[in-house]
Amino acid sequence: MDPTRPSFRGAFAQRLGPRLQSPFPGEEARGRTLPFARGRSFQPDDWSSQQDQSQQRENTVAGLTCAMFRGLGFEPKAGDTPFKAHVPPLCRGFIGRGMFGDAQGDVKRDAPIQQAPSMVGDSGMQRAGAARGLSGGRGEMAASVAMLGRGSLGRGRAPPSSLSPPALVASRGPQPLPEIPADIPTVEVQEKEPLEKQGSKGIRSQVAVNLIKIHCQNEAVYQYHVTFSPNIECKSMRFGMLKEHKSVTGDVTAFDGSILYLPVKLEKAVSLKCQRRTDGSEVNLQIQMTKILEPNSDLCIPFYNVVFRRVMRILEMKLVGRDFFDPASAIVLHQHRLQIWPGYSANIKRTDGGLFLIADVSHKVIRNDSVLDVMHAIYQQSRQNFQDECTKQLIGTIIITRYNNRTYRIDDIDWNKSPRHSFTMADGTEITFLDYYSKNYGITIKEMDQPLLIHRPKIKRGPEGQILKGEILLLPELSFMTGIPEKMRKDFRAMKDLTQQINLGPEQHRMTLNKLLQRIDKSEASCTELMRWGLVLDKEIIRTEGRILPVEKVSLNNVSFMVSSDVNWSREVTRDASIHAVPLNHWALFYTKRCADQARELATTLMRVAGPIGMKVNQPAWVELKDDRTETYVRNIKSQCGAEGRLQMVVCIIVGDRDDLYSAIKKLCCVQFPIPSQVINARTISQSAKLKSIAQKILLQINCKIGGELWRVDIPLRSLMIIGMDVYHDPSRGMRSVLGFTASINSTLTKWYSRVVFQMPNQEIMDSLKLCLVSSLQKFHEVNHFLPEKIIVYRDGVSDGQLKTVADYEIPQLQKCFTTFENYHPKMVVIVVQKRISTNIYSVSGGRFETPPPGTVIDHTVTNRGWVDFFLLAHHVRQGCGIPTHYVCVLNTANLSPDHMQRLTYKLCHMYWNWPGTIRVPAPCKYAHRLAFLSGQTLHHEPHRALCEFLFFL
Amino acid sequence: EIKDMEAVSFTPPLYKQRYNFVADVVNTYQPKKVVDMGCADCTLLWKLKFCNCIEVLAGLDIDADTMKEKIHRLSPLPCDYVWLRKQPLTITLYQGSVAEKDASMLDFDLVTCIELIEHLELPVLEKFPEVVFGYMAPTMVIISTPNADFNPLLPGLTRFRHPDHKFEWSRAEFQKWAQDAACQYGYTVEFTGVGNGPPGTENKGFCTQIGVFIRSSHKNGGMVTTERDELGHSYKIVFQAVYPSLQDKKYLQIAVTNEVIYRVEAIKRSLLSSDDAEEGDKTASKHGQPSDGHVEASCTVSEESSAEPYIHGNSIYVPLAKLFSFSNLQKLCGSLDELQQLLSGKVTLSSDSSAVVSRIRNYVSESFNL
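Order-wise, the sequence lines are chains A and B.
Take the first sequence: its letter number 57 is residue 57 in the UniProt record's numbering, and every next letter is one higher.
Take the second sequence: its letter number 203 is residue 203 in the UniProt record's numbering, and every next letter is one higher.
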């Protein structure tokens with residue numbers, strides 16, 4: 001159940017004028033509270049005449065604020081307000097579109113209000129001034145900054161009740177009553193100094209982003225605290241009691257058990273009475289206003305999202321996981337026994353540009369088969385290791401249950417249980433699975449001998465530490481698989497069928513998104529639902545301005561060139577010498593007899609293409625294997641490694657899709673005998689026409705693996721270390737995760753030092769991170785004889801919710817490492833890299849939406865309000881839409897400018913040697929990813945330390 | 001509505017016992033059309049939607065807001081589009097008063113009024129039997145209401161169990177009212193209940209008393225359609241959900257196509273694998289000849305030799321008759337003609353539409369994958 005759980009009901013007309021239809025004759029009260037609602041910069045004289053005695057404190061603050069305002073050069077200005085004479089300036093326009101007439105009415109009716117500060121404009125300058133004034137003026141500022149956690153200027157003033165309201169938001173539900181402010185609540189000023197995040201380099205270009213502007217038509221949202229005395233523990237009873245007083249609160253409410261949000265203003269404090277059903281005793285309900293929020297306040301966003309979910313339901317979209325789908329319009333791919341549900345991911349967020357609906361096109365793949373069907377199919381194919389095979393294929397997959405709308409991850413399979421087993425229900429009674437499904441859902445289980453699937457939710461503990469939610473057991477027969485089957489992923493043809501349906505181009509995106517907006521617009525019920533909170537959606541996604549970063553210059557050993565528009569330099573890199581080519585003198589080639597010809601041909605070609613690259617390739621040690629069993633490969637590699645002490649490289653040719661063989665070879669060469677290795681599928685080199693280009697790629701990769709360097713991009717920053725980090729989560733091993741860590745150790749950023757750390761769930765990531773950082777710095781010193789002055793960290797695998805943890809906890813810990821070295825105080829920049837985002841960029845050209853060119857960056861409007869961040873699309877988009885990567889700077893003691901940050905990032909996207917072009921993320925991140933993936937997926941072990949300085953994981 | 005109070009003393013909670021009682025009745029009598037009058041937040045309707053026999057499910061309440069509270073629970077689940085119902089199901093919610101007649105309430109098999117009557121004002125209660133028994137005249141009616149005889153056993157209860165109750169009847173009062181109504185409109189009624197008191201209080205009866213009414217006479221044949229329309233519709237539809245089912249041609253077609261392709265692929269695999277085993281005579285003997293030794297070996301049923309799959313050129317032909325021999329396709333389609341009709345446009349059929357044609361891919365190159 002949703003914590004905010006608002007029950008919004010009522011007619012369209014009611015929202016139009018909360019003031020007009022407010023059941024309270026509260027004009028006078030409104031007059032008094034208005035000053036607080038309308039902003040913080042007032043004329044001192046007018047202001048003080050309005051004060052209650054209890055607000056003397058506010059008075060001085062306001063005076064101060066205003067003085068500062070003047071100091072900053074702002075004079076009271078009426079702007080375009082219709083009542084100029086008595087209108088002082090204000091810092092925050094509180095009345096939005098269409099509310100003016102209403103406000104004017106107030107003024108006419110209510111004499112005192114004429115002296116009250118009024119509302120105009122929304123100037124950023126004024127806002128900034130106000131924020132500054134406030135931060136200078138208020139004693140609570142320190143607390144406020146700590147609470148909101150960013151910047152020396154802070155976000156604005158803390159409410160009089162100090163820290164309690166945010167704490168309330170963080171832990172919802174019935175809890176000890178916070179200190180309620182005695183004075184009349186004041187408006188929450190959320191504005192703060194806008195962060196400097198906009199760069200200027202590059203060519204301006206018209207872009208569109210999949211965000212839809214939301215206009216807030218209500219003037220405010222009012223936050224109240226609801227107190228029950230005697231206290232009521234039961235949440236649903238609290239909901240029920242508040243609901244009884246619909247006539248007071250109105251139909252439109254958002255209530256979480258103690259905090260109530262209304263689009264209307266109630267009298268100063270409301271006292272109501274209820275009867276407790278259980279014993280008939282009387283309960284007092286106190287509704288006390290705590291804050292007046294701007295309608296686009298962060299606090300409103302959770303229940304706006306609840307409202308939007310309702311809208312999607314009205315449109316008959318089904319919520320699965322977090323996205324909305326339309327199963328009635330499913331595309332059925334009979335050949336592959338699956339169907340694709342078209343849909344949307346959509347949620348409301350507040351960005352630098354205001355309140356937006358972020359809507360993305362989404363698809364859900366649902367298999368026509370139940371898990372039981374899949375198990376039957378597995379049984380048909382491999383009876384001997386049926387259970388192992390099931391474990392391999394099923395664990396980690398997401399299923400959806402037939403009888404309710406839940407999705408679960410399969411974490412395990414209980415082979416000892418069957419539907420005949422019983423479990424304990426919430427009320428303590430025992431029931432078999434058979435009876436349970438038959439009684440509750442009218443489902444007759446057909447297969448009695450199926451095992452049960454286990455889902456292990458995150459452990460939730462009750463007040464006494466008891467586990468609240470244990471394992472969840474599910475029936476294979478009643479569970480449907482979702483997602484693309486692993487087997488299908490490997491089938492090129494099948495994937496083509498699928499991606500045709502799923503990867504839509506920019507114009508298709510635009511059409512699909514517009515369709516959603518039109519559906520909402522045409523549905524009266526949907527619009528009404530939104531309008532209850534005064535929300536109105538724009539008719540189209542926003543268009544704004546982006547930039548295309550300057551083209552970069554790539555340098556090989558002797559030649560440099562500007563990157564062409566298709567950002568691909570495969571021709572140059574195979575034609576001209578690499579920066580550093582390591583001679584391949586001692587290497588061994590392992591192959592079976594069946595592939596002898598291919599092996600010979602490969603070796604010859606490798607030697608032939610080596611010249612232009614600048615490499616010298618000797619004849620390999622030829623090792624022909626008598627069969628293709630894993631043991632044969634392993635035994636021969638072992639003996640070869642032992643015999644040939646100077647062996648630089650192991651190259652194996654294998655036939656077919658042999659995961660076991662591949663991982664055996666990798667384990668041997670990465671963990672036991674540290675030698676770079678290359679495993680080549682015979683199929684890849686089977687076509688002689690393509691052999692040359694494939695051999696070139698293989699050779700370049702070999703060069704990287706044995707310590708060569710391919711190309712570089714000029715990076716003007718000196719004494720610099722770039723670090724990349726990524727985490728791999730192992731689905732089958734109890735969510736053990738693997739951290740990949742790479743750090744540059746030379747000035748041209750062409751030498752990388754890498755480490756891998758395995759960690760168990762809930763284990764502290766910090767200790768291992770520190771270890772990685774210290775050893776990289778030691779290595780850097782060893783190579784350069786000094787320590788880097790600047791360290792720039794690109795951290796992948798951090799969600800929005802974890803940003804603060806990284807900034808407040810992880811980074812300070814990391815910085816402690818520097819004390820290991822004497823008198824060492826480097827500057828540090830930490831940039832979080834987010835690939836899985838729902839923001840798409842389209843370039844607009846001649847009214848059409850197209851995929852944006854590589855280097856497109858957006859650093860305003862759609863960006864996050866709390867951080868310096870930007871969206872950069874670095875790669876060349878071949879299919880589908882341009883999904884940029886989101887970079888969030890969480891630390892910047894080096895004072896890198898936005899331009900520096902953006903360009904550095906883009907440059908690093910050119911540096912991944914496995915691809916002669918740009919990639920989606922900076923190269924160190926991709927290296928860290930490859931490393932973590934190899935270690936987690938194949939090696940299950942930390943690689944040998946001797947390989948730390950090689951890109952052996954490519 | 002009175003969940004809170006009664007949960008104190010009953011396991012499972014009394015409201016669940018009432019709903020289970022209705023569900024049991026439904027499973028026993030298998031009504032196709034059920035309406036719940038005074039459906040409140042639609043919890044009973046939600047429970048009943050899992051009863052497979054029901055094809056039309058309706059709810060009526062005076063308060064549209066309460067009905068809408070958890071309305072989404074009545075919409076089809078995402079999986080209802082994958083695992084299709086055999087029978088159709090339409091759920092409709094009406095806003096209106098039980099004192100008024102509405103033609104959409106006609107022809108129901110079962111009407112349930114769970115904890116409804118005690119909320120009715122006297123004038124409404126007076127009209128209620130005429131509307132339900134006289135006008136709607138379903139085969140069966142279930143009416144539940146608090147048993148006032150039981151009230152002394154409920155701790156702390158002062159007057160009624162809920163502030164909105166207009167009355168709470170003793171067993172004698174309820175039975176008299178019920179008998180009168182039954183008598184007047186040609187029903188028989190039996191009394192039962194849910195919620196047993198503690199041992200020794202059996203003389204107080206059940207906490208909730210229930211009357212089950214069964215129509216004894218055939219009502220005067222029903223009205224003519226025009227007559228009904230004249231009666232008009234006083235209720236307002238607030239919600240309607242039509243569940244996807246195999247009765248809908250669109251979904252039937254999907255289900256049939258899916259099954260056919262699955263069978264064809266299986267047949268193709270077994271045909272080709274047996275071909276691999278006997279490489280050599282494959283192309284020589286096969287042209288146009290539907291049946292020979294190893295093809296038969298790969299098929300389970302071969303009553304009629306002309307119904308066997310065969311390979312022609314680069315395609316495999318699976319006769320519809322062969323497909324129709326699988327029991328689940330028989331169940332889905334009913335007849336061979338129906339199968340043919342459903343498949344047209346969905347899969348490639350032979351020129352005479354007697355067989356499904358599927359191209360054989362070049363398996364050699366495909367098996368040699370990464």
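Think of the CB as a built atom: it goes at the ideal place given N, C-alpha and C, for glycine as much as any other residue.
Which whole-angstrom value describes the C-beta separation of residue i and residue j, a residue pair presumed to lie in contact below a C-beta threshold of 8 Å?
{"i": "A:Val857", "j": "A:Gln902", "result": "5 Å"}
{"i": "A:Val307", "j": "A:Glu529", "result": "6 Å"}
{"i": "B:Phe206", "j": "B:Val194", "result": "6 Å"}
{"i": "A:Val844", "j": "A:Arg543", "result": "6 Å"}
{"i": "A:His334", "j": "B:Asn20", "result": "With a Cβ gap of about 41 Å, A:His334 and B:Asn20 do not count as contacting."}
Quick check on residue i: does DSSP put it in helix, strand or coil?
{"i": "A:Glu822", "result": "coil"}
{"i": "A:Lys243", "result": "helix"}
{"i": "A:Phe492", "result": "helix"}
{"i": "B:Ala307", "result": "helix"}
{"i": "B:Gly221", "result": "With a pLDDT of 48 at B:Gly221, under the threshold of 50, the modelled position of that residue is not reliable, and the figure given next carries that caveat. It is coil, neither helix nor strand."}
{"i": "A:Met141", "result": "Confidence at A:Met141 is low in this model, with a pLDDT of 37, below 50, so the placement of that residue should be treated as unreliable; the coordinate-derived value is given next. DSSP places A:Met141 in helix when its eight states are reduced to three."}
{"i": "B:Gln330", "result": "helix"}
{"i": "A:Ser123", "result": "Here the model assigns A:Ser123 a pLDDT of 37, short of 50, so the residue's position is not dependable, and the following value carries that caveat. Of the three classes helix, strand and coil, the one that applies to A:Ser123 here is coil, per DSSP."}
{"i": "A:Asn416", "result": "coil"}
{"i": "A:Ile400", "result": "strand"}
{"i": "B:Asp61", "result": "strand"}
{"i": "A:Gly740", "result": "strand"}
{"i": "A:Glu810", "result": "helix"}
Under a CB-based cut-off of 7 Å, is residue i close to chain A?
{"i": "B:Thr145", "result": "no"}
{"i": "B:Asn258", "result": "yes"}
{"i": "B:His72", "result": "yes"}
{"i": "B:Pro319", "result": "no"}
{"i": "B:Pro78", "result": "yes"}
{"i": "B:Trp46", "result": "no"}
{"i": "B:Phe50", "result": "yes"}
Taking the beta strand (DSSP E) that residue i belongs to, which residues open and close that run?
{"i": "A:Glu430", "result": "Glu430 to Thr432"}
{"i": "A:Asp726", "result": "Leu720 to His729"}
{"i": "A:Gln288", "result": "Glu282 to Leu293"}
{"i": "A:Trp341", "result": "Leu338 to Thr351"}
{"i": "A:Met562", "result": "Ser560 to Met562"}
{"i": "A:Asn892", "result": "Thr885 to Asn892"}
{"i": "A:His455", "result": "Leu452 to His455"}
So with Cβ pairs under 7 Å, would you call residue i a contact of chain E?
{"i": "A:Tyr887", "result": "The question asks about chain E, but that chain is absent: this structure's protein chains are A and B."}
Identify the continuous alpha helix (DSSP H) that holds residue i and give its terminal residues.
{"i": "B:Val26", "result": "Leu14 to Tyr29"}
{"i": "A:Leu314", "result": "Note on identity: in this sequence residue 314 of chain A is Ile, with Leu being the wrong assignment. Counting along the chain, the alpha helix (DSSP H) containing A:Ile314 begins and ends at Ile301 to Ile314."}
Evaluate residue i with the Cβ neighbour count: other Cβ atoms within 10 Å of its Cβ, from every protein chain shown; 16 or more gives buried, anything less gives exposed.
{"i": "A:Ala330", "result": "buried"}
{"i": "A:Arg97", "result": "For A:Arg97, the predicted model reports a pLDDT of 33, less than 50, meaning its position is unreliable; a value from the coordinates is still stated below. Exposed."}
{"i": "B:Pro146", "result": "buried"}
{"i": "A:Leu875", "result": "In the sequence as presented, Leu is not what sits at residue 875 of chain A; that position holds His. It counts as buried."}
{"i": "A:Phe492", "result": "exposed"}
Cβ of residue i less than 7 Å from any chain B Cβ?
{"i": "A:Arg309", "result": "no"}
{"i": "A:Arg313", "result": "yes"}
{"i": "A:Val252", "result": "no"}
Would you check whether the ligand MN has a heavy atom nearer than 6 Å to the C-beta of residue i?
{"i": "A:Ile454", "result": "What this structure holds is no ligand at all, so the ligand MN is not there to describe."}
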